[in-house]
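Residue numbers (our numbering), protein chains in the order written: chain W, 49 to 275; chain A, 49 to 275.
We treat Cβ as the ideally placed atom computed from N, Cα and C, and that holds for glycine.
Have a look at the structure below before the remarks.
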């Protein structure tokens, strides 16, 4: 209604589609933008799928996010990046990010599971041709892996920029899927003598290993100390 | 030659194909079976790609390996598992497994990289219809996540087996890709005042969290203590 304040200009969810509504465990699916963003921002390696000669190809690659847009980069010679350049209307892709949070050990083999958070993005990837957007995207990719790093490194020069392709993928057709919590054993299995529970998993960083040729006086930067 | 002993009945590498020879960083590619097996055996979550209505789909799922065969399981209602049942000649898939071992921070943004080990398998996935192979595959999947667990859980009953589909994928068209080592900066960048080096990454297990309803006297099994 006119004059009624809206909570936000943007809807808080991605509209579900035939492709983003799972055929099973639909209760684990979510279209919440905040959840999707948080899962995407916690990772930096995605699995990018595309179709080549009618067959699927899935490759691991780095990504970064800026608002409702993802960026993926690579050599101008790599297959998906060449294909987005060749295919005029862009390249149909599926970009998936998965975090494994725990092993769920039930008393029954059947109810064994994994606690995880994943995001699946369907869309059309397109080459970034605007030099300014390309440069910004490359900074974003570096900062997505190590926040604060982009400004603490030598920016790409003209030759390096020319050797790098960047593709963008808008967040439009997107779903998250999350499993949390404990075991879901059948009531009649509870008395079985098998241990049951959850083994948490996490990604941990080891001690940074400096290059042998560091310039004299180069200290470990603060953004690495806090990793 | 007749009488000449062969080192093995099986060749030690997967024959490279057009699909498994990368267009870039070909020096990082390997077809060595032992390396491929070791990468596959260290993980349990893969990203499975297939084509649906002409578009790529990439979903995370669990897998297990038995010799030169991989198994993936899921609900009989999930899309890739239904599709292998529907499509008579099987379903063309690409199954990818990736381990991230370290962040490579170079002095130049361009030479930032990731140390990783990945395996990409192309092939035709087929439903496992033989009950014995299906049961063995399900044990394998449980043991692939937690070695020793299959015999310490209640086996699937007839109803659970019927609700579970298993697909198999033979290791034929396979490649590994590995990046290890330190930074590869340009010689003229070595004097720059930016820290450079490698931040190791690893997956760690937290303290197992027992279910609240464990049968009295159920201790943490030895195979979890050694995780």
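| Cβ-based neighbour list, residue 110 (chain A), same chain, cut-off 8 angstroms, excluding 5 preceding and 5 following | 92, 93, 94, 120, 121, 189, 192, 193
* To do: Spell out whether any CB of chain W is found under 8 angstroms from the CB atom of residue 253 (chain A).
  => yes
Q) residue 59 (chain W) CB to nearest chain A CB: under 8 angstroms? A) no
_If you reduce the DSSP assignment to three classes, tell me which class residue 88 (chain A) lands in._
helix
| Neighbour list for residue 170 (chain W) in chain A, Cβ cutoff strictly below 9 angstroms | 103, 104, 105
How about residue 270 (chain A): is its C-beta nearer than 8 angstroms to some C-beta of chain W? no
Three-state secondary structure assigned by DSSP to residue 60 (chain A):
coil
_Any beta carbon of chain W sitting closer than 8 angstroms to that of residue 185 (chain A)?_
no
- Query: Going along the chain, which residues of its own chain have a beta-carbon closer than 6 angstroms to the beta-carbon of residue 161 (chain A), five neighbours each way excluded?
  - Reply: 152
Could you round the C-beta distance between residue 214 (chain A) and residue 167 (chain A) to whole angstroms and report it? I think they count as a contact, below 8 angstroms. No, residue 214 (chain A) and residue 167 (chain A) are not in contact; Cβ-Cβ is about 20 angstroms, not under 8 angstroms.
Practice task
May I ask you to report which of helix, strand or coil DSSP gives residue 277 (chain W)?
Solution key: The requested residue 277 (chain W) is not part of the displayed model; chain W covers only 49 to 275.
| message | Pull the bridge partners of residue 220 (chain A) from the DSSP assignment, please. | response | According to DSSP, residue 220 (chain A) bridges with nothing at all.
**Request:** With DSSP as the reference, please indicate the residues paired to residue 99 (chain A) in a beta bridge.
**Result:** A:104
Practice item. Would you tell me roughly how many angstroms separate the C-alpha atoms of residue 61 (chain W) and residue 97 (chain W), rounded to the nearest one? Key: 24 angstroms
Please identify the residue among A:237, A:154, A:170, A:130 whose C-alpha is closest to the C-alpha of residue 143 (chain A).
A:170
- Message: With H, G and I counted as helix, E and B as strand and the rest as coil, what does DSSP make of residue 143 (chain A)?
- Response: strand
| said: For the segment 232–256 of chain W, list every residue whose C-beta sits within 7 angstroms of some C-beta in chain A, in sequence order. | reply: 237, 238, 239, 240, 241, 242, 243, 244, 245, 246, 247, 248, 249, 250, 251, 252, 253, 254, 256
Which class does residue 192 (chain A) belong to by DSSP, given the choice of helix, strand or coil? helix
Relative to the alpha-carbon of residue 270 (chain W), which residue among W:196, W:89, W:80 has its alpha-carbon at the smallest distance?
-> W:196
To the nearest angstrom, how far is it from the Cα of residue 49 (chain W) to the Cα of residue 219 (chain W)?
Because the pLDDT of residue 49 (chain W) is 39, which lies under 50, any placement of that residue in the model is unreliable, and the question is left without a value.
Does any residue of chain A bring its CB to less than 8 angstroms from the CB of residue 162 (chain W)?
yes
Apart from the five residues on each side of it in sequence, which residues of its chain come closer than 8 angstroms, Cβ to Cβ, to residue 106 (chain A)?
95, 96, 97
Open item on the list: Just to confirm my understanding: we take residue 53 (chain W), look at its own chain, exclude 5 residues before and 5 after, and list those with CB closer than 6 angstroms. What are they?
Closed with: Caution is warranted here: a pLDDT of 47 is assigned to residue 53 (chain W), below 50, making its placement in the model unreliable, and the coordinate value is therefore given only provisionally. Excluding sequence neighbours, residue 53 (chain W) sits near nothing in its chain.
* **Residue-level contact to chain A via CB, residue 202 (chain W), 8 angstroms cutoff** => yes
- Message: Taking the alpha-carbon of residue 116 (chain W) as reference, which of W:154, W:200, W:222, W:248 has the nearest alpha-carbon?
- Response: W:222
When A:183, A:137, A:200, A:77 are compared against residue 63 (chain A), the one with the closest alpha-carbon
A:77
TODO: Locate the alpha helix (DSSP H) running through residue 210 (chain A), then write down its first and last residues.
DONE: 206–211
| query | On the premise that residue 103 (chain A) lies in contact with residue 140 (chain W), defined as a C-beta separation below 8 angstroms, what is that separation, rounded to the nearest angstrom? | reply | 5 angstroms
Output the distance between the C-alpha atoms of residue 6 (chain W) and residue 118 (chain W), rounded to the nearest integer angstrom. As shown, chain W starts at 49 and ends at 275. That puts residue 6 (chain W) outside it, with no answer to give.
Neighbourhood of residue 159 (chain W) by C-beta, 6 angstroms cutoff - its chain only, sequence neighbours within 5 removed
232, 233
(message) Does the beta-carbon of residue 161 (chain A), which I'm using as the reference point, lie nearer than 7 angstroms to any heavy atom of the ligand MG?
(response) Ligands in the displayed structure: none, and consequently the ligand MG is not present.
| query | What residues in its chain sit with their C-beta under 7 angstroms from that of residue 156 (chain A), if we drop five residues either side in the sequence? | reply | 233, 234, 237
Q.
Would you say residue 275 (chain A) lies against chain W (beta-carbon separation less than 8 angstroms)?
A. yes
Tell me which residues share the same chain as residue 67 (chain A) and place their Cβ nearer than 7 angstroms to its Cβ, disregarding the 5 neighbours each side in the sequence.
170, 221
Between residue 239 (chain W) and residue 203 (chain A), what straight-line distance do the alpha-carbon atoms span, to the nearest angstrom? 15 angstroms
How long is the line joining the alpha carbons of residue 200 (chain W) and residue 241 (chain A), rounded to whole angstroms?
9 angstroms
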